[in-house]
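Enquirer:
Numbering (the working numbering), first residue to last: 292 to 566.
#1: Span of the alpha helix (DSSP H) holding residue 373?
#2: Check this for me: beta carbons of residue 365 and residue 355, under 8 Å apart or not?
#3: What is the rounded straight-line gap between the Cα of residue 553 and the Cα of residue 469?
#4: Taking Cβ to Cβ, would you say residue 561 is nearer than 8 Å to residue 498?
#5: Indicate whether residue 371 and residue 529 have their beta-carbon atoms separated by less than 8 Å.
#6: Report yes if the C-beta distance between residue 309 and residue 504 is below 8 Å; otherwise report no.
#7: Would you give the residue range spanned by the alpha helix (DSSP H) that residue 526 belongs to?
#8: As a quick exercise: from 445, 557 and 536, pick the residue whose alpha carbon is nearest that of residue 418.
#9: Straight-line CA distance for residue 517 to residue 511?
#10: Please identify the residue among 422, 352, 369 and 348 whose C-alpha is closest to the C-alpha of residue 338.
#11: Please report the residue range of the alpha helix (DSSP H) in which residue 505 lies.
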């Protein structure tokens, strides 16, 4: 009887250890395993068509069914997720480097350089992100590259502002002043004294930036300003399957659920880092 009671008492304790970030990491892991693991077990091309299988529902042979052109939904969904996650990762790396570098430079140098960089950041925010993506699409040869360039050109501003504000509040600390007097260079001071204070603040912003790119790519695809068919992309898949929502609602829901699941995972991860 005592053993049974102890087991019931441990259930609330275990449940209390389940946090938002842990759920988010689990959801994101599921998305990543599906997106990058499916090609290992299924080498079908995401553009391969078989009109005989058009709008066939999920079955044991094909777990997610086929779309209106007889293309495998599971293969196309995995390819669309890889595209969105790849663009988001490349954009995050670029925006993080630009935002942190310019923010640290502005707060370290101050003066006219600080004012110039702040003015430039404010000017970038005033420009519509969609316009910048469209301009990049006219210049660059491929649409994913245009997504990366256009979104990177706008999303670095938030990281810049956060970096600048955090370092400005820390740069006058005694430890930093002592390091300057001892002759240590800016890179050493940034790595040793400033980055440990900055990194926890930026983690939530990084997760939200990643989510913003995934949402932005899907939104642009949904209004037909993104990747062109037959390349699979989450927003474009929604547009293609929308006319068949009565015949195959399960097909339309798949890219919607995949997008929502990815955004929910990143939001939960970011929410945990802000507490």
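Heads up, the beta-carbon is just placed ideally off N, CA and C, and yes, glycines get one too.
Expert: By the coordinates alone:
#1: Taking the chain shown and counting its residues from 1, one reaches residue 373 at position 82. Where residue 373 is concerned, the enclosing alpha helix (DSSP H) starts and stops at 364-400.
#2: As a working mapping, residue 365 is identified with position 74 in the chain shown. As a working mapping, residue 355 is identified with position 64 in the chain shown. It is a contact, given that the beta carbons lie within the stated cut-off.
#3: Looking up residue 553 in the chain shown gives position 262. Looking up residue 469 in the chain shown gives position 178. Cα to Cα, residue 553 sits roughly 45 Å from residue 469.
#4: Within the chain shown, residue 561 is the residue found at index 270, counting from 1. Within the chain shown, residue 498 is the residue found at index 207, counting from 1. Yes, they are a contact pair.
#5: Taking the first residue of the chain shown as position 1, residue 371 is located at position 80. Taking the first residue of the chain shown as position 1, residue 529 is located at position 238. In terms of Cβ geometry, residue 371 and residue 529 do not form a close pair [threshold 8 Å].
#6: Reading the chain shown from its first residue, position 18 is the one you call residue 309. Reading the chain shown from its first residue, position 213 is the one you call residue 504. No; because the gap between Cβ atoms is not below 8 Å, this pair is not in contact.
#7: Residue numbering aside, residue 526 sits at position 235 when the chain shown is read from its first letter. Unbroken alpha helix (DSSP H) run through residue 526: 525-532.
#8: By 1-based counting over the chain shown, the position of residue 418 is 127. Looking at the Cα atoms, 445 is the closest of the given residues.
#9: Mapped onto the chain shown, residue 517 falls at position 226. Mapped onto the chain shown, residue 511 falls at position 220. For residue 517 and residue 511, the distance between alpha carbons rounds to 5 Å.
#10: As a first step, residue 338 is located in the chain shown; it is residue number 47 there, counting from the start. Closest by alpha carbon: 369.
#11: The count along the chain shown starts at 1 and reaches residue 505 at position 214. From DSSP, the alpha helix (DSSP H) with residue 505 extends over 486-513.
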